[in-house]
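Single-structure report; data block below.
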Amino acid sequence: MMALAFHLQVVNLLAALLLLISFAMLSQRRVVGLVTLFAWQGAALAVSTAIVAGTTGQYHLYYSAALTFGLKVIAMPWYFYRLVRKLDVNRVVEPLINIPTTMLIGILLVIFAFNLALPISEMSGTVTRSTLGIAIACVLLAFLMMITRTKAIPQVIGFLSMENGLFFAATSATYGMPLVVELGVALDVLVGVFVLGIFIFQIRETFDSLDLKHMEKLKEK
Amino acid sequence: MSSPATLDAHVLDLAWGGVLYWLALGASALFLQARPGLLVRLIFPLGALGALFVAGIGVAGLLLPASSMVLPIGLPDLPFHLRLDALSAFFLVLLGAAAFGVTVHAAGYFRSMAGGPLALLAMWYHLFLAGMAMVLLADDAYAFMVAWEVMALSSYFLVTTDHKIAEIRRAGFLYLLIAHVGAVSLLLAFGVLQGGHGDYTFDTMRAAGVAPFWASAAFLLALFGFGAKAGLVPLHVWLPEAHPAAPSPLSALMSGVMLKTAIYGLLRVTFDLLPMQLGWWGTLALALGLVTALYGVIFAAVQSDMKRLLAWSSIENIGVILAAFGLTLIFRTEGKGELAALTLTALLYHALNHAFFKGLLFVGTGSVLHATGERRMGHLGGLIRSMPWTAWLTLIGALAIAGLPPLNGFVSEWLLLQAFLLTPGLAQPYLNMVIPVAAATVALAAALAAYVMVKFYGVVFLGQPRDPALRQAHEAGWPERLGMLWLGAGCVLLGLFPTQVIQWLEPVVRMLTGQRLPGIGNWLLLTPVSAGRASYAPLVFLAGMAVVVGLTVLWVRRVYHGRVRRSAPWDCGYPEQDARMQDSAEGFGQPIRQIFAVFMRVERETPDPFDRQPRYRGDSRDKVWLLVYQPIADATAWLSRQAGRLQHGRIQWYLVYSFATLIFLLVFAR
Chain G
2 MMALAFHLQV VNLLAALLLL ISFAMLSQRR VVGLVTLFAW QGAALAVSTA IVAGTTGQYH
62 LYYSAALTFG LKVIAMPWYF YRLVRKLDVN RVVEPLINIP TTMLIGILLV IFAFNLALPI
122 SEMSGTVTRS TLGIAIACVL LAFLMMITRT KAIPQVIGFL SMENGLFFAA TSATYGMPLV
182 VELGVALDVL VGVFVLGIFI FQIRETFDSL DLKHMEKLKE K
Chain B
5 MSSPATLDAH VLDLAWGGVL YWLALGASAL FLQARPGLLV RLIFPLGALG ALFVAGIGVA
65 GLLLPASSMV LPIGLPDLPF HLRLDALSAF FLVLLGAAAF GVTVHAAGYF RSMAGGPLAL
125 LAMWYHLFLA GMAMVLLADD AYAFMVAWEV MALSSYFLVT TDHKIAEIRR AGFLYLLIAH
185 VGAVSLLLAF GVLQGGHGDY TFDTMRAAGV APFWASAAFL LALFGFGAKA GLVPLHVWLP
245 EAHPAAPSPL SALMSGVMLK TAIYGLLRVT FDLLPMQLGW WGTLALALGL VTALYGVIFA
305 AVQSDMKRLL AWSSIENIGV ILAAFGLTLI FRTEGKGELA ALTLTALLYH ALNHAFFKGL
365 LFVGTGSVLH ATGERRMGHL GGLIRSMPWT AWLTLIGALA IAGLPPLNGF VSEWLLLQAF
425 LLTPGLAQPY LNMVIPVAAA TVALAAALAA YVMVKFYGVV FLGQPRDPAL RQAHEAGWPE
485 RLGMLWLGAG CVLLGLFPTQ VIQWLEPVVR MLTGQRLPGI GNWLLLTPVS AGRASYAPLV
545 FLAGMAVVVG LTVLWVRRVY HGRVRRSAPW DCGYPEQDAR MQDSAEGFGQ PIRQIFAVFM
605 RVERETPDPF DRQPRYRGDS RDKVWLLVYQ PIADATAWLS RQAGRLQHGR IQWYLVYSFA
665 TLIFLLVFAR
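Just so you know, the protein sequences line up as chains G and B, in that order. Residues in the first sequence are numbered consecutively from 2, following the working numbering. Residues in the second sequence are numbered consecutively from 5, following the working numbering.
Have a look at this one:
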């Protein structure tokens with residue numbers, strides 16, 4: 002009983018970290034910093050998944066945790082560091098909405114997410130159900146980040162961070178999806194990142210910049 | 005009828021066979037692209053034979069009890085239901101008889117078309133005929149709508165036969181648009197009619213017994229949907245555009261027959277499928293019909309294009325038919341069954357008459373167009389000398405549509421006016437006050453229709469040719485003459501033997517109103533109510549006319565001076581007369597244009613007094629377009645522009661859309 006409570010406390014702590022990192026990402030102006038935060042978020046997610054696996058005996062969650070660690074903590078950040086160095090885009094970029102306002106909107110979203118999660122977590126019978134609100138908040142915050150950023154790489158990171166939130170929601174509400182689904186999602190994310198990487202190169206070659214404002218030219222007149 | 009039992013069992017099979025026959029003809033036309041001669045000399049005459057066959061089925065259907073069958077085609081679990089009762093049989097007769105004359109005419113009219121387009125045209129033509137027959141036979145909403153769409157689409161492709169002309173493409177588009185708006189309305193009407201059973205056969209609808217509110221909703225939807233097809237004001241805008249755009253035999257079919265399928269649908273829904281009729285429906289239909297009739301005839305009077313004039317005249321006739329429909333409803337709901345029977349008889353009679361005389365006038369116009377390449381009345385004239393057959397046969401149609409005895413147009417309008425005049429005290433005092441005004445409106449429309457026909461016939465066929473080339477205009481070929489002869493004979497016979505025709509109509513009237521006429525009279529004397537009240541003897545009238553004309557001719561030739569003097573017509577003793585001095589189409593319509601100027605937007609170009617080559621151009625346009633359709637078009641364009649503004653090209657905004665949708669769904673759809 003005691004052990005369970007301790008584990009739960011750790012999971013809750015990791016969940017709080019996850020949310021904190023999401024806010025940090027919202028306020029981060031540099032791309033390299035963003036990639037580092039993304040890696041940390043992945044790490045927190047992997048650890049919490051592993052703990053949930055150990056606590057509940059859902060052993061397939063170990064695979065998920067390993068997959069998350071491998072992909073989101075090592076492979077993707079490494080790829081992004083390389084990309085940033087190659088494209089030389091590590092400058093301070095002001096988001097569309099200034100950072101304090103973004104944070105305020107973020108707080109509203111977190112309140113909304115907790116409000117939303119309340120009835121669902123009452124229905125759910127998992128030990129980790131209290132973290133569902135945090136998971137939804139992570140998804141919404143990542144979405145908000147995508148909206149406020151104008152450059153291509155932060156957008157991709159926002160997308161991946163959203164996937165982190167979804168994954169966390171799945172773990173906390175239902176002990177994760179079946180392994181096959183998780184493998185599929187992981188593969189999708191991997192492929193998505195590669196495709197987006199190719200797009201990023203293409204965008205730069207076409208517009209000589211990674212600023213997505215230039216894509217407005219594609220609008221039908 | 006040697007073996008009524010076997011014919012009884014198979015008459016619907018035969019009707020369906022007629023539809024299949026037309027479909028097969030249409031399909032085989034596609035294989036004859038390389039042989040245009042064979043197409044006109046074989047496919048069209050065979051199609052005409054099919055029309056005669058269908059008309060025969062219709063006659064049999066009028067005499068036999070209703071029969072129905074289920075076809076093994078359609079969607080799985082949703083087969084086509086067919087039914088042949090007196091109402092569909094009557095309209096099959098109308099379709100077959102009018103289509104026979106028109107198709108025979110078409111065999112001559114299309115002789116100079118190239119193989120490829122002609123094959124397509126022959127295919128759509130027969131598909132169109134088959135579609136109309138299927139509309140009349142359908143016994144469930146699904147089959148009805150499929151047939152209705154086949155009819156609409158095939159006629160769209162026929163309208164746009166000359167699709168290389170931008171104006172014709174525009175007319176076709178307008179037609180297609182309004183046809184589909186109407187079809188959507190019909191679909192909704194059937195949806196209401198099935199009353200939540202989920203079963204769309206007409207049998208279920210008859211038994212559904214929808215509540216009065218929903219019955220009214222279904223009636224209004226049906227009125228809108230069928231009105232869009234029939235050319236009810238203000239849904240008529242496609243008609244004066246599409247009819248002139250189509251080749252003439254097609255205009256004849258569309259105007260003479262296709263508009264009647266809408267009348268058929270209206271009768272079917274109102275009197276057969278709906279469990280009740282309400283009085284205010286009749287008032288509404290009567291008012292709309294009268295407006296349509298008057299509006300149509302006024303615009304017909306100011307047209308200067310032959311086919312456009314006839315198209316507007318079709319709107320007028322549809323208005324008269326619809327007014328009769330409204331009056332039938334009023335009488336029926338007031339419990340005056342015999343009067344309802346009388347009005348319905350007038351309605352059906354007029355529908356049949358219109359198919360004949362409008363068909364005749366349109367194919368006659370087609371022959372003129374073929375011979376001269378011209379349908380602007382300002383460039384025609386004096387054709388009676390170079391095209392005597394066409395001119396004399398068209399004269400029959402013109403006299404019939406003008407409502408002159410002893411031709412058929414007179415009979416139906418006379419019957420309708422009788423019904424108006426015989427209106428005894430209805431329960432509603434307002435209605436009692438309005439009915440005489442309505443009767444006056446119908447009479448005014450009939451009189452103006454005669455005026456329109458004087459203009460039409462006088463400008464095109466009489467006087468002097470307005471163009472020297474017209475003197476060499478060639479007469480229509482034999483197939484065209486035969487087609488016109490058939491339709492003209494129909495106009496004469498329907499006018500001469502009204503009691504016989506009314507007897508044939510009797511099963512339909514009994515089916516829809518449950519009543520029969522109080523009296524018909526005998527073969528000589530038509531007495532729809534009683535001999536003391538009103539009677540009409542067309543044969544006697546004809547004999548009287550013949551005697552008077554014969555005696556006059558005899559007197560002038562034998563007793564008076566007896567000389568024949570030939571001179572230019574209408575020269576009033578002025579020796580320097582030329583064709584430009586004749587009354588023109590614009591000039592003839594001028595008084596009407598002055599009186600009813602409020603309804604129209606008149607554009608005129610008057611010549612300069614010092615102009616050596618003076619030209620006059622006048623164009624009277626429909627204001628409905630400006631007042632109703634232009635705002636709708638503008639609003640649609642505005643809305644789509646607003647919707648277009650959603651597309652920024654900024655990825656952030658697209659993300660905001662997704663985000664807002666996500667939040668919205670999370671809040672409201674949990």
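Beta carbons: idealized from backbone N, C-alpha and C, even for Gly.
**Item:** Option in B:V464, B:A187, B:L227 with minimal Cα separation from L292 of chain B
**Value:** Counting from one through the second sequence, the residue named residue 292 of chain B turns up at place 288. For the residues B:V464, B:A187, B:L227, the minimum Cα distance to L292 of chain B belongs to B:L227.
**Message:** Checking 8 Å against the spacing of the C-beta atoms, do S162 of chain G and M26 of chain G come in under that value?
**Reply:** Sequence index remark: in the first sequence, residue 162 of chain G carries index 161 (1-based). Sequence index remark: in the first sequence, residue 26 of chain G carries index 25 (1-based). The answer is yes: Cβ separation under 8 Å.
**Prompt:** Cβ of L669 of chain B less than 8 Å from any chain G Cβ?
**Reply:** Along the second sequence, read from residue 1 onward, the residue named residue 669 of chain B stands at position 665. With 8 Å as the cut-off, L669 of chain B does not count as an interface residue toward chain G.
**Request:** Please confirm if L161 of chain G has its CB atom under 8 Å from at least one CB of chain B.
**Result:** Walking along the first sequence from the start, residue 161 of chain G turns up at place 160. Answer no: the Cβ-Cβ gap between L161 of chain G and chain B never drops below 8 Å.
**Prompt:** Between the segment 109 to 122 of chain B and chain G, which residues of the former have CB atoms less than 7 Å from a CB of the latter, in chain order?
**Reply:** none
**Three-state class that DSSP yields for M73 of chain B in the structure shown** = Mapped onto the second sequence, residue 73 of chain B falls at position 69. Note: M73 of chain B maps to strand in three-state DSSP.
**Request:** Report the option in G:C139, G:P179, G:N99 whose CA atom is closest to the CA atom of A114 of chain G.
**Result:** For the purposes of this step, residue 114 of chain G is taken as the residue at position 113 of the first sequence. Answer by Cα proximity: G:C139.
**Request:** Output, in chain order, the set of chain B residues within a Cβ distance shorter than 8 Å of T151 of chain G.
**Result:** Residue 151 of chain G sits at position 150 when you count from the first residue of the first sequence. Ordered by position in chain B, the residues that pass the 8 Å Cβ test against T151 of chain G are Q656.
**Whole-number beta carbon distance between L141 of chain B and R174 of chain B, since they are thought to touch under 8 Å** = Reading the second sequence from its first residue, position 170 is the one you call residue 174 of chain B. Reading the second sequence from its first residue, position 137 is the one you call residue 141 of chain B. Incorrect: roughly 34 Å between the Cβ atoms, too far for contact.
**Prompt:** What residue ranges within the segment 150 to 179 of chain G form continuous alpha helix (DSSP H) runs of no fewer than 4 residues, ordered along the chain?
**Reply:** 153 to 175
**Message:** Taking 6 Å as the limit between beta carbons, can you name the residues of its chain near F194 of chain B, skipping five residues before and five after?
**Reply:** In the second sequence, the residue the question calls residue 194 of chain B occupies position 190. Closer than 6 Å at the Cβ level, and outside the excluded window around F194 of chain B, lie A145.
**Request:** With DSSP as the reference, please indicate the residues paired to A142 of chain B in a beta bridge.
**Result:** Here residue 142 of chain B corresponds to residue number 138 of the second sequence, with the count starting at 1. Per DSSP, B:L86.
**Message:** My assumption, with CB atoms under 8 Å, is that V241 of chain B sits in contact with D626 of chain B. Please give the rounded CB distance.
**Reply:** The residue labelled residue 241 of chain B in the question sits at position 237 within the second sequence. The residue labelled residue 626 of chain B in the question sits at position 622 within the second sequence. Contact holds; Cβ gap of about 7 Å.
**Request:** Kindly list, in the order they appear in chain B, the residues whose Cβ is closer than 8 Å to that of E217 of chain G.
**Result:** Stepping through the first sequence from its first residue, residue 217 of chain G is reached at position 216. What E217 of chain G touches in chain B: H652, G653, R654.
**Asked** What is the DSSP secondary structure of D81 of chain B, counted as helix, strand or coil?
**Response** As a position in the second sequence, residue 81 of chain B is number 77, starting the count at 1. Coil.
**Message:** Please tell me whether L643 of chain B has its Cβ less than 8 Å away from any Cβ of chain G.
**Reply:** Here residue 643 of chain B corresponds to residue number 639 of the second sequence, with the count starting at 1. Not an interface residue.
**Prompt:** Just by C-beta distance, which residues in the segment 138 to 149 of chain G are closer than 7 Å to chain B?
**Reply:** F144, M147, I148
**Prompt:** Of all the CB atoms in chain G, is at least one closer than 8 Å to the CB of L365 of chain B?
**Reply:** Here residue 365 of chain B refers to the residue found at position 361 when the second sequence is read from its first residue. Taking Cβ atoms only, chain G never reaches closer than 8 Å to L365 of chain B, which makes this a no.
**Message:** Let's test the definition: count the other Cβ atoms within 10 Å of the Cβ of W20 of chain B and tell me whether it reaches 16, buried, or not, exposed.
**Reply:** To locate residue 20 of chain B, count along the second sequence from 1; it is residue 16. That one is buried.
**Message:** Against chain G, does F672 of chain B count as a neighbour if the rule is that its beta carbon must be under 8 Å from one of theirs?
**Reply:** One-based indexing of the second sequence puts residue 672 of chain B at position 668. No, F672 of chain B lies away from the interface with chain G (no Cβ there is under 8 Å from its Cβ).
**Asked** Helix, strand or coil for R31 of chain G per DSSP?
**Response** Within the first sequence, numbered from 1, the residue matching residue 31 of chain G stands at position 30. Looking at R31 of chain G - three-state DSSP - the assignment turns out to be coil, as it is neither helix nor strand.
**Asked** What span of residues does the beta strand (DSSP E) with S416 of chain B cover, start to end?
**Response** Translated into positions along the second sequence, residue 416 of chain B becomes position 412. That residue, S416 of chain B, is in no beta strand (DSSP E); its alpha helix (DSSP H) goes 412 to 425.
**Prompt:** Run through DSSP, which three-state label would R645 of chain B get?
**Reply:** Counting from 1 along the second sequence, the entry for residue 645 of chain B is found at position 641. Note: R645 of chain B maps to helix in three-state DSSP.
**Item:** Chain-ordered chain G contacts of F194 of chain B [CB-CB under 9 Å]
**Value:** Against the second sequence, residue 194 of chain B aligns to sequence position 190. Near F194 of chain B there are no residues of chain G at all, since even the closest Cβ is about 39 Å away, more than 9 Å.
**Asked** Taking the alpha-carbon positions, what's the S7 of chain B to V505 of chain B distance?
**Response** As a first step, residue 7 of chain B is located in the second sequence; it is residue number 3 there, counting from the start. As a first step, residue 505 of chain B is located in the second sequence; it is residue number 501 there, counting from the start. Interpretation of S7 of chain B is limited by its pLDDT of 46, a score under 50 that renders its predicted location unreliable; the figure taken from the coordinates is listed afterwards. Each residue's alpha carbon lies about 24 Å from the other.
**Item:** Own chain partners of M457 of chain B with C-beta closer than 7 Å, once the 5 adjacent residues on each side are dropped
**Value:** Translated into the one-based positions of the second sequence, residue 457 of chain B becomes position 453. Correct list, in chain order: A402, I405, A406.
**Request:** Grab me the residues of F208 of chain G's own chain with a C-beta within less than 7 Å of its C-beta, minus the 5 sequence neighbours each way, in chain order.
**Result:** Walking along the first sequence from the start, residue 208 of chain G turns up at place 207. The answer, listed in chain order, is H215.
**Prompt:** With burial defined as no fewer than 16 other Cβ atoms inside 10 Å of the residue's Cβ, what is the status of G363 of chain B: buried or exposed?
**Reply:** As a working mapping, residue 363 of chain B is identified with position 359 in the second sequence. The residue is buried, with at least 16 neighbouring Cβ atoms inside 10 Å.
**Request:** Output, in chain order, the set of chain G residues within a Cβ distance shorter than 8 Å of F228 of chain B.
**Result:** Walking along the second sequence from the start, residue 228 of chain B turns up at place 224. Neighbours of F228 of chain B on chain G: none; closest Cβ ~36 Å, over 8 Å.
**Request:** Tell me whether M2 of chain G is buried or exposed, calling it buried when 16 or more other Cβ atoms sit within 10 Å of its Cβ.
**Result:** Working through the first sequence from its first residue, we reach residue 2 of chain G at position 1. Unreliable positioning characterises M2 of chain G in this predicted model, as indicated by a pLDDT of 42, which lies under 50. The coordinate reading is nonetheless provided below. Answer is exposed; the Cβ neighbour count stays below 16.
**Message:** Can you look up M604 of chain B in the DSSP assignment and give me helix, strand or coil?
**Reply:** Numbered from its first residue, the second sequence carries residue 604 of chain B at position 600. In the structure shown, M604 of chain B sits in a strand (DSSP, three-state: E or B).
**Message:** At a CB distance below 7 Å, what residues from the segment 22 to 33 of chain G approach chain B? Give them in sequence order.
**Reply:** none
**Prompt:** Residues in the segment 91 to 121 of chain G with C-beta within 7 Å of chain B's C-beta atoms, listed in sequence order?
**Reply:** L97, L117
**Asked** Between G499 of chain B and L411 of chain B, is the Cβ-Cβ spacing less than 8 Å?
**Response** Walking along the second sequence from the start, residue 499 of chain B turns up at place 495. Walking along the second sequence from the start, residue 411 of chain B turns up at place 407. A contact, by the Cβ cut-off of 8 Å.
**Prompt:** In or out: K264 of chain B buried (at least 16 other Cβ within 10 Å) or exposed?
**Reply:** On the second sequence, residue 264 of chain B is found 260 positions in, with the first residue counted as 1. Counting Cβ neighbours within 10 Å, K264 of chain B comes out buried, since at least 16 surround it.
**Cα-Cα separation between M149 of chain B and Q156 of chain G, rounded to whole angstroms** = Here residue 149 of chain B refers to the residue found at position 145 when the second sequence is read from its first residue. Here residue 156 of chain G refers to the residue found at position 155 when the first sequence is read from its first residue. Computed Cα separation, rounded: 51 Å.
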